[in-house]
Amino acid sequence: MFDRLKLGLNHFLPKKWLTELAGWGASRRAGWLTKAVIDIFVWFYKVNMAEARKSDTASYRTFNDFFVRPLKDDARPIDADASLVALPADGAISQLGHIDDNRIFQAKGHHYTLEALLAGNEQMAAQFRDGEFVTIYLAPRDYHRVHMPCNGILREMIYVPGDLYSVNPLTARNIPNLFARNERVICYFDTDLGPMVQILVGATIVGSIETVWAGTITPPREGVIKRWHYPAADADGAVVLLKGQEMGRFKLGSTVINLFAPGRVKLAESLEAESVTRLGQPLALALPQPGETLAAAE
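Read left to right, the sequence shown gives residues 752 to 1049 (my numbering).
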């Protein structure tokens, strides 16, 4: 009964209005009130402040500053071995596995297509048919910066407007095409593993999605698809990120999806649905290709 109520609220609540309001409130400097809200949040969600670079909640001017808090330098070690692909975020595995032609598994009884997830970009989708995917859910208590799983050169970024459904396990089991319906930022990289996509998915109360190279992508929410193209590594304006480097962040909430081309990675056998993830731990093993050498991360 309670689950049905929560699902009903997802359909009928004014999600965009609530999200804009939450984003506005989280960016306000309110002194003692900001600290009180942070303290309640830390207590309720059992946030581990010992690993934060600033453990004193009074040191955060806004709730957003706290939510995207950086961790201590040694909190998430990154293995430099180029044969290992790293987990890009703290959270929990929603699903992972093989892409069945163009179908990605969402939850029991639910799949969505590459084309739908990638906003109808058939040329991009074709590169990931029969590849591998991983979907990671970031709970409120988690560290909300997203990092690179491998070395990458950004070639395209696409902002896709959409719904703002919650993206927790309950909605994943019950709302068809959830991740292909929600607002998202698609980042396409050239890597030593071939093409790789990392997608930041918005949700209810996610006030902002940001990337390190472009800053705030949303808001504003203008209801149109936007595309940015970037040059190769040896050109002016290139965006080159190494494994473990930060690439984006959420101000409140959400989900990260990675897509890998076929025959390029073998997902870690230790990972399954609901596995806890920690940034930098192994996600997959890079599969060597004929005539190619994997360059170690620097």
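A virtual CB, placed ideally from N, CA and C, is assigned to each residue, including glycine.
Check	Outcome
DSSP bridge partner residues for C938 (one or two, in chain order)	M908 and Q949
Proximity winner among F818, Q846, A890 and I789, relative to A1095 (alpha-carbon distances)	What is shown of the chain runs 752 to 1049, which leaves residue 1095 out entirely.
Alpha-carbon to alpha-carbon, V897 and A954	16 Å
I950 to W783 span [Cα, whole Å]	36 Å
DSSP state of A858 mapped onto helix, strand, coil	strand
CB-CB length for G1031 against A837, believed under 8 Å	5 Å
Bridge partner(s) assigned by DSSP for P1033	A837
Uninterrupted alpha helix (DSSP H) stretches inside the segment 863-900 (no shorter than 4 residues)	865-868 and 873-877
I960 (DSSP reduced to helix, strand or coil)	strand
Counterpart residues of F845 in DSSP-defined beta bridges	Inspection of the sequence shows that residue 845 is occupied by Ser rather than by Phe. Per DSSP, none; premise fails for S845.
Beta carbon proximity, A1037 to chain B, threshold 9 Å	Here chain B cannot be found, since the structure has a single protein chain.
Whether R892 touches N815 by CB criterion (9 Å)	no
Limits of the beta strand (DSSP E) - the one that R978 falls within	K977 to H980
Boundaries (first-last residue) of the beta strand (DSSP E) holding L1010	S1005 to F1011
Best match in F879, Y894 and E997 for proximity to F817 [C-alpha to C-alpha]	Y894
Residue interval of the beta strand (DSSP E) (run including K1017)	V1016 to L1018
Beta bridge counterpart(s) of K1002 as assigned by DSSP	S959
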